[in-house]
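**Student:** Numbering (this note's numbering), first residue to last: 39 to 189.
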Amino acid sequence: MRQQSKRFNANEQGATLVEFSIAALVFLTVMFGVIEFGRALWVHNALADAARRGARYATFHSSSPEDQEKVKNVVVYGDEDGGETPMIPNLTIDNVTVNHTDWAVNGGTVTVSITEYEFQFVIPLVGTTITMPSYTTTLPGECIGFIPDPI
């Protein structure tokens, strides 16, 4: 009986490396996919919350251009005075629209929308963006800053 001093035959050298590289590629692809999906879900929830926060703030303010800019600052920066760093990466004031309906009609409504937000992937190989759906919140404007005339 011939004893082999080597652990592998000559034709099996490198097979472990190939198997490891295939398994590592699958594992890392799944891991980065889960991370990116988690980030996208976080951004989705943050955008929906930002639209709600802006609509709540807008119900107590008028439809003047100054107040609409404050509402946009609340949506993007979390503060009516604005800031330097948005709460959600790549979110700008240009993504936010604020609409007030007539106060005399049903007490009026306030609608805050976030549109055309581009989600940026961080995976170096993908390096692309996707456009997230529109996020809209409409609230009754019971106190939108107007004092009605006495009846």
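Here a beta-carbon is modelled for each residue, glycine too, at the ideal position from N, C-alpha and C.
Taking only the alpha-carbon atoms, compute the straight-line gap between M69 and S101 and give it to the nearest angstrom.
**Tutor:** Indexing the sequence shown from 1 puts residue 69 at position 31. Indexing the sequence shown from 1 puts residue 101 at position 63. Each residue's Cα considered, the two are about 47 angstroms apart.
**Student:** Could you tell me if I168 is buried or exposed, where buried requires 16 or more neighbouring beta carbons within 10 angstroms of its beta carbon?
**Tutor:** Locating residue 168 in the sequence shown gives position 130, where the first residue counts as 1. Classification of I168: exposed, given that the 10 Å Cβ count is below 16.
**Student:** How would you label Q106, buried or exposed, when you count the other beta carbons within 10 angstroms and need 16 or more for buried?
**Tutor:** Position 68 of the sequence shown, counted from the start, is the residue given in the question as residue 106. Buried, by the Cβ-count rule.
**Student:** Is the beta carbon of V148 closer than 8 angstroms to that of T97?
**Tutor:** Counting from one through the sequence shown, the residue named residue 97 turns up at place 59. Counting from one through the sequence shown, the residue named residue 148 turns up at place 110. Yes, the Cβ-Cβ distance between T97 and V148 is below 8 angstroms.
**Student:** Which runs of the beta strand (DSSP E) spanning at least 3 residues fall entirely within the segment 111 to 165, listed in chain order?
**Tutor:** If we require 3 residues or more, the beta strand (DSSP E) runs fully inside the segment 111 to 165 come out as 134 to 138, 147 to 152, 156 to 158.
**Student:** Check this for me: beta carbons of F157 and V64, under 8 angstroms apart or not?
**Tutor:** Taking the sequence shown and counting its residues from 1, the one referred to as residue 157 is at position 119. Taking the sequence shown and counting its residues from 1, the one referred to as residue 64 is at position 26. Going by C-beta atoms, F157 is not nearer than 8 angstroms to V64.
**Student:** Quick check on the burial criterion: 16 or more other C-beta atoms within 10 angstroms. Buried or exposed for A62?
**Tutor:** As a working mapping, residue 62 is identified with position 24 in the sequence shown. Counting Cβ neighbours within 10 Å, A62 comes out exposed, since fewer than 16 surround it.
**Student:** Could you compute how far the alpha carbon of D140 sits from the alpha carbon of V109?
**Tutor:** Position 102 of the sequence shown, counted from the start, is the residue given in the question as residue 140. Position 71 of the sequence shown, counted from the start, is the residue given in the question as residue 109. Cα to Cα, D140 sits roughly 18 angstroms from V109.
**Student:** Around the Cβ of G71, are there at least 16 other Cβ atoms within 10 angstroms (buried) or fewer (exposed)?
**Tutor:** To locate residue 71, count along the sequence shown from 1; it is residue 33. Answer is exposed; the Cβ neighbour count stays below 16.
**Student:** Might you give, ordered along the chain, the residues of its own chain that have their beta carbon closer than 6 angstroms to the beta carbon of T175, omitting 5 neighbours on each side?
**Tutor:** Within the sequence shown, residue 175 is the residue found at index 137, counting from 1. Around T175: A89, R90, A93, V150.
**Student:** Assign I60 to buried or exposed, taking buried as 16 or more other Cβ atoms, counted over all protein chains shown, within 10 Å of its Cβ.
**Tutor:** The count along the sequence shown starts at 1 and reaches residue 60 at position 22. I60 should be labelled exposed.
**Student:** Among V114, A78, T54, which one has its Cα closest to the Cα of V160?
**Tutor:** Position 122 of the sequence shown, counted from the start, is the residue given in the question as residue 160. With distances taken between Cα atoms, V160 lies closest to A78.
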